[in-house]
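Visitor:
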Amino acid sequence: MVHTSEKGLGYTLPFAMMLFTTFVLYAAIGYFLCSHSASLELVPHLKTIDSQEQLNAKHVPNSVDVGLFINNFSKFDALHGSFVFDGTLWFKADSTKVSVDQLAQFKFERGTILEKSQPYVTKSGNEIFVRYDIKVEFFSQLNYKLFPLDEHRISFVVSNKSLADSSIAFTCSDKNFVIKEAYAESDPEWLLAHTKISAGYLQDTYDASFAPRQSLYPAVSFVLDYARIGARNMAVVFLPLLLLFFITLFVFALDPSRYEAMIISIATGALSASIAYRLVIENVSPRVSYFTLADYIYLIFLLANFCMFGLSFLLKHFSQVQRKIVIIVLHSAVTISCLYVMLMW
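Using the numbering used here, you'd call the opening residue of the sequence shown number 467 and step up by one each time.
What follows is the structure, encoded as structure tokens:
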């Protein structure tokens with residue numbers, strides 16, 4: 467049992483600082499999640515229909531309405547940007563302007579059609595409704611800078627090069643894009659927050675100086691905004707680092723003249739554990755070449771534990787007031803650094 471004595475500080479100050487630091491950090495995380503869009507991915511850029519009309523001033527494009535129904539994601543790997551879904555892609559068009567064979571030439575940019583049914587065709591006068599049951603694997607370039615507080619904007623593009631340089635334009639509306647389940651069935655940590663669909667054109671340029679060597683073909687982009695609702699990764703990254711930091715500062719309240727060996731051994735153990743814990747963070751983090759939010763938070767706590775390791779050898783030379791200042795300064799430095807990283811990103 468430790469008593470507050472001439473050289474001991476007791477537990478009141480470190481306990482109060484622990485509560486303060488924890489409250490401030492989690493309040494900052496809550497503010498960040500509520501007030502910031504944590505998805506940094508860009509929406510696919512398509513040339514607008516107006517651009518095509520200007521290039522073909524003498525022709526009014528014939529429209530083909532496009533829609534997609536996603537039944538479920540059999541693979542939802544946000545950590546590697548790989549996804550597989552089952553669904554139905556459909557087209558509604560004038561059969562005198564475009565054929566079923568032409569519509570069947572659709573493809574997914576940066577994706578692979580794993581399964582594709584025969585076309586189901588319904589005809590009413592000249593209007594045809596064509597649908598395909600499909601299973602598609604696609605890859606989306608995700609930005610993980612805010613991991614583990616990240617959200618993601620997943621996108622893919624459906625195009626048709628067989629309609630290149632024709633007077634066909636894809637059209638769409640928000641009601642044409644339907645997701646059956648808001649939760650990613652294969653990874654319930656993610657919840658669908660918003661969808662967007664837009665039509666336009668993609669361009670292949672074979673020679674920028676010669677217009678006939680530039681090919682435009684209709685395309686539709688599909689965008690899904692997913693929010694992270696699980697706290698697992700956040701807890702795995704933040705809580706152990708906080709605990710190691712708090713444990714070391716708690717022993718700084720002990721009388722160094724009596725417990726010097728204990729203080730040094732705990733500070734050494736905390737530093738060693740912090741270094742080893744990097745392997746755990748690596749296992750749950752995305753493999754990227756840039757620093758993520760988790761990396762910055764880890765470095766802040768690693769530096770704090772290194773400072774406490776060095777101070778543990780000098781603590782016996784500090785007065786009560788100086789040790790109180792050390793505890794307050796370390797808490798403040800960690801809190802301010804974490805706030806800066808999260809709120810000034």
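Built from N, CA and C at the ideal position, the CB exists for glycine as well.
Check whether the stretch 707-714 and the stretch 726-743 are in contact - that is, three or more C-beta pairs closer than 8 Å.
Guide: As far as the Cβ criterion goes, the stretch 707-714 touches the stretch 726-743, which means the pair count is three or higher.
Visitor: Have a look at Leu512 and Tyr667 and give me their C-alpha separation to the nearest angstrom.
Guide: Here residue 512 refers to the residue found at position 46 of the sequence shown. Here residue 667 refers to the residue found at position 201 of the sequence shown. Straight-line Cα distance between these residues: approximately 5 Å.
Visitor: Can you list, in chain order, the residues of its chain with a C-beta nearer than 6 Å to that of Tyr762? Leave out the 5 residues immediately preceding and following it.
Guide: Residue numbering aside, residue 762 sits at position 296 when the sequence shown is read from its first letter. The answer, listed in chain order, is Val807.
Visitor: Using only the alpha-carbon positions, how far apart do Thr734 and Ile794 sit?
Guide: Walking along the sequence shown from the start, residue 734 turns up at place 268. Walking along the sequence shown from the start, residue 794 turns up at place 328. Rounded to the nearest angstrom, the two C-alpha atoms are 21 Å apart.
Visitor: By how many angstroms is the C-alpha of Asn699 removed from the C-alpha of Asn829?
Guide: Residue coverage of the chain in this structure runs from 467 to 811, which leaves residue 829 outside it and unanswerable.
Visitor: Hey, is the stretch 652-661 in contact with the stretch 580-598, meaning 3+ C-beta pairs nearer than 8 Å?
Guide: Cβ pair count under 8 Å is below three, so no.
Visitor: Would Phe574 pass as a contact of Asn626 if the rule is Cβ separation under 8 Å?
Guide: Numbered from its first residue, the sequence shown carries residue 574 at position 108. Numbered from its first residue, the sequence shown carries residue 626 at position 160. Contact flag unset, no.
Visitor: Determine the closest residue to Lys782 out of Asn642, Phe716, Ile729, with distance taken between C-alpha atoms.
Guide: On the sequence shown, position 316 is the one that residue 782 refers to. Nearest of Asn642, Phe716, Ile729 to Lys782, Cα basis: Ile729.
Visitor: Per DSSP, what kind of secondary structure is Leu521 in: helix, strand or coil?
Guide: Within the sequence shown, numbered from 1, the residue matching residue 521 stands at position 55. Reliability fails at Leu521, whose pLDDT of 49 lies under 50, so the model's placement of it is uncertain and the value that follows must be treated cautiously. Note: Leu521 maps to helix in three-state DSSP.
Visitor: Restricting to runs no shorter than 3 residues, where is the beta strand (DSSP E) found entirely within the stretch 508-572?
Guide: For the stretch 508-572, whole beta strand (DSSP E) runs of length 3 or above, ordered along the chain, are 528-543, 548-560.
Visitor: Can you give the Cα-Cα distance for Asp552 and Asp531, rounded to whole angstroms?
Guide: Here residue 552 is taken as the residue at index 86 of the sequence shown, counted from 1. Here residue 531 is taken as the residue at index 65 of the sequence shown, counted from 1. Each residue's Cα considered, the two are about 20 Å apart.
Visitor: Between Arg576, Ala559, Lys601, Glu647, which has its C-alpha nearest Gln584's C-alpha?
Guide: As a working mapping, residue 584 is identified with position 118 in the sequence shown. The shortest Cα separation from Gln584 among Arg576, Ala559, Lys601, Glu647 belongs to Lys601.
Visitor: Can you list, in chain order, the residues of its chain whose CB lies under 7 Å from that of Ser751, leaving out five sequence neighbours each side?
Guide: Against the sequence shown, residue 751 aligns to sequence position 285. The answer, listed in chain order, is Phe613, Thr758, Ala760.
Visitor: Whole angstroms are fine: how far does the CA of Leu682 sit from the CA of Asp631?
Guide: The residue you call residue 631 lines up with position 165 of the sequence shown. The residue you call residue 682 lines up with position 216 of the sequence shown. Using only the alpha carbons, I get a separation of about 6 Å.
Visitor: Expressed to the nearest angstrom, what Euclidean distance is found between the alpha-carbon atoms of Leu777 and Arg724?
Guide: For this step, residue 777 is matched to residue 311 along the sequence shown. For this step, residue 724 is matched to residue 258 along the sequence shown. C-alpha separation (whole angstroms): 16 Å.
Visitor: Name the DSSP bridge partner or partners of Ala685?
Guide: Here residue 685 corresponds to residue number 219 of the sequence shown, with the count starting at 1. The partner list for Ala685 (beta bridge, DSSP) reads Ser625, Gly666.
Visitor: Of the residues Lys641, Gln786, Leu608, which one's Cα is nearest the Cα of Leu508?
Guide: The residue given as residue 508 occupies position 42 in the sequence shown. It is Leu608 whose Cα lies nearest to the Cα of Leu508.
Visitor: Run through DSSP, which three-state label would Thr470 get?
Guide: For the purposes of this step, residue 470 is taken as the residue at position 4 of the sequence shown. Confidence in Thr470 is poor, its pLDDT being 43 and thus under 50, which makes the residue's placement too unreliable to answer from.
Visitor: At which residues does the alpha helix (DSSP H) containing Lys813 begin and terminate?
Guide: This structure cannot speak to residue 813, because the chain is shown only from 467 to 811.
Visitor: On a CA-only basis, which of Phe775, Val689, Ser548 is nearest Leu796? Give me that one, please.
Guide: As a first step, residue 796 is located in the sequence shown; it is residue number 330 there, counting from the start. The shortest Cα separation from Leu796 among Phe775, Val689, Ser548 belongs to Phe775.
Visitor: According to DSSP, is Ile695 helix, strand or coil?
Guide: As a position in the sequence shown, residue 695 is number 229, starting the count at 1. It is coil, neither helix nor strand.
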